[in-house]
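Since the structure comes first, as structure tokens, the remarks are kept for the end.
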Amino acid sequence: QVQLVESGGGLVQAGGSLRLSCAASGIIFSINTMAWYRQAPGNQREMVARIITDGRTNYADSVKGRFTISRDHVKNTVYLQMNSLKPEDTAVYYCNTVHPLGMAYWGQGTQVTVSS
């Protein structure tokens, strides 16, 4: 059974930082792509950051230079370090994993709220 458990969300003032964590189980972590998505009220879910098995990353333009995704193959955990947060970063953040054969899974989401 695949489980993705996010943590680290909360309320922070603009300009502040948060680090999200996503602990994965039930997958072969080393071969799966890991990603963070977010969804704000009234908006579609959007990709924030993605990290593939060799460590290469890509980011949404809106977070480049502020967010950093990383993965720990020992802890089977992916992180999202978020700095210089803005009110427009307010959303529910979801962890996502995709197997090379295409199976995708989602976490339950964690709320991030940035006050101005």
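Add 113 to the 1-based position in the sequence shown for this note's numbering, that's all there is to it. Where is the CB? At the ideal position from N, CA and C, for every residue including glycine.
query = Nearest to Leu214 by alpha carbon, out of Arg132, Ile140, Gly129?
reply = Here residue 214 refers to the residue found at position 101 of the sequence shown. It is Ile140 whose Cα lies nearest to the Cα of Leu214.
query = Excluding the five sequence neighbours on either side, which residues of its own chain have a C-beta within less than 7 Å of the C-beta of Ala204, listed in chain order?
reply = Locating residue 204 in the sequence shown gives position 91, where the first residue counts as 1. If we look at Ala204 and ignore the five residues flanking it on each side, its Cβ neighbours are Arg151, Gln152, Ala153, Val225.
Chain-order list of residues whose beta-carbon lies under 7 Å from that of Ser229 (same chain, five-residue window excluded) = Along the sequence shown, read from residue 1 onward, the residue named residue 229 stands at position 116. Result list for Ser229: Ala127, Pro200, in chain order.
key: CA nearest to the CA of Gln116, picked from Cys135, Arg163, Thr223, Met160   = Against the sequence shown, residue 116 aligns to sequence position 3. Comparing Cα positions, the closest option is Cys135.
message = Rounded to the nearest angstrom, what separates Gly121 and Leu133 at their Cα positions?
response = Locating residue 121 in the sequence shown gives position 8, counting from the first residue. Locating residue 133 in the sequence shown gives position 20, counting from the first residue. Approximately 4 Å, taken between the alpha carbons.
ask   = Around the Cβ of Ala137, are there at least 16 other Cβ atoms within 10 angstroms (buried) or fewer (exposed)?
value = As a working mapping, residue 137 is identified with position 24 in the sequence shown. Ala137 is buried by the Cβ-count criterion.
query = Rounded to whole angstroms, how far is the Cβ of Val227 from the Cβ of Leu193, which I believe are closer than 8 Å?
reply = What you label residue 227 is simply residue 114 of the sequence shown in a count that begins at 1. What you label residue 193 is simply residue 80 of the sequence shown in a count that begins at 1. Not quite, the Cβ-Cβ distance comes to about 14 Å (not below 8 Å), so this is no contact.
query = Does the distance from the CB of Ser143 to the CB of Thr170 come in under 8 Å?
reply = Within the sequence shown, numbered from 1, the residue matching residue 143 stands at position 30. Within the sequence shown, numbered from 1, the residue matching residue 170 stands at position 57. No, the Cβ-Cβ distance between Ser143 and Thr170 is not below 8 Å.
request  = Measure the CB-CB distance between Arg184 and Val191 and report whether it falls below 8 Å.
outcome  = Walking along the sequence shown from the start, residue 184 turns up at place 71. Walking along the sequence shown from the start, residue 191 turns up at place 78. Yes, the pair counts as a contact, with Cβ atoms nearer than the cut-off.
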